[in-house]
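The working numbering numbers the first residue of the sequence shown as 11 and each following residue consecutively.
Idealized CB from N, CA, C, for every residue including glycine.
Predicted, not measured: the structure shown is a model, and the values here were computed from it.
These notes concern the structure reproduced below.
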Amino acid sequence: MVKRTTIHDLRKMKEQGQKIPMLTCYDYTSAKMLDEAGIPLVLVGDSLGMVVLGHDSTLRVTLDMVIHHSAAVARGCSKGLIVIDLPFATYSASDLPLSLNTARRAISEGGAQAVKIEGGRRMAPVIGALVASGIPVMGHIGLTPQSIHMIGGFRVQGRTEEAAKRLVAAAQALERAGAFALVLELVPAPLAEKISKMLSIPTIGIGAGPGCDGQVQVLHDMMGMYDDFLPKHAKRYAHLAGLMRDAATTYAKEVRAGEFPGPEHTFDQDMVLPKGLDAPRPKKKKKRANR
Ligand code: KIV
């Protein structure tokens, strides 16, 4: 049986100074490729709302949507630990039964092994309740896109002394509550490094510098599939959008020119076609208007 990464493996990786690569993933085919590439941590992120579904934020993503995509990822990923994002307004510190029910559905219907929730100290009780129910939770602090209207824009967090102290306190509170790892998004590199050293759980950075214990990237950014824009924190390792556009253009040209399909893509007939198949199509009778 293939061994899947566990939350304990991630902790060991941190202790041994091994950096942890994490990628987002939203479908079966890509999940298989990430598994083959040895990616130990896979996130079915609510970024799917933007890079797959074309919304302008993650706020339109529903629980049913992430479950649908997570189940596809789970069919293709047998080695990586799958973390599923709980979407906007599907969990809350003031409604623990709602949070538990959301997480339960995400795990049992989405086939993920852990959930991720956004938010600072106020999310500690949610993490505590989920962990007490046997659900591993990854926290997410710094820029939390689900609160974009509270934050007022996609900007680096923790730049002032007060904001930095708030982030440190949040990181410690979420670790105490039982989070197995923490995403740090858009956090100044020196602060992210300090937080990473302070915690025993791994930090996974995105726009948080090299001092984090791991890094996460949005698959469509790093593969160059989503080329509307590239955030500063993202690096393109391929330009699949260009390859796909070129392939589609060539295909269309070949179809129009009658060059595709060729004989190698075409099936022969084993028997002589029965008579009558080439008979002219019967003309359709005109419908009479009902009175
Ligand atoms: O949804 C997502 O892709 C994320 C990552 C940016 C961490 O939450």
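Asked: Collapsed DSSP secondary structure at Met235 in the structure displayed; Found: coil
Asked: One or two residues paired with Ala244 in a DSSP bridge; Found: Looking at the DSSP assignment, Ala244 forms no beta bridge with any residue, so it has no partner.
Asked: 7 angstroms Cβ cutoff met for Ile17 and Leu33; Found: no
Asked: Bridge partners - Met32, DSSP secondary structure assignment; Found: Leu51, Val226
Asked: Gly221 beta carbon less than 7 angstroms from that of Ile214; Found: no
Asked: 7 angstroms Cβ cutoff met for Pro212 and Lys22; Found: no
Asked: Stretch pair the region 241 to 260 + the region 55 to 70: three plus CB contacts closer than 8 angstroms; Found: no
Asked: Distance CB(Tyr236)-CB(Val61) smaller than 7 angstroms; Found: yes
Asked: Pairwise C-alpha distance: Ala84 and Val12; Found: 14 angstroms
Asked: Among Ala262, Gly217, Leu140, the one whose alpha carbon lies nearest that of Ala113; Found: Leu140
Asked: Continuous alpha helix (DSSP H) stretch holding Asp95: start and end; Found: Element bounds for Asp95: not the alpha helix (DSSP H) but the beta strand (DSSP E), 91 to 95.
Asked: Own chain residues within Cβ distance below 6 angstroms of Gln123, not counting five before or after; Found: Leu91, Ile92
Asked: At least three beta-carbon pairs within less than 8 angstroms, the region 158 to 166 to the region 180 to 189; Found: no
Asked: Extent of the continuous alpha helix (DSSP H) to which Glu25 belongs; Found: 17 to 25
Asked: Inter-residue Cα distance where the pair is Gly234 and Ala218; Found: 21 angstroms
Asked: Sub-7 angstroms separation of Arg132 and Ala103 beta-carbons; Found: yes
Asked: Residue environment, Ala41, which counts as buried when at least 16 other CB atoms sit within 10 Å; Found: buried
Asked: Assigned secondary structure, Lys207 (DSSP; H/G/I helix, E/B strand, else coil); Found: helix
Asked: Exposure label - Lys126; buried when at least 16 CB within 10 Å; Found: buried
Asked: Thr260: CB within 6 angstroms of a non-hydrogen atom of the ligand KIV; Found: no
Asked: Three-state class that DSSP yields for Gly120 in the structure shown; Found: helix
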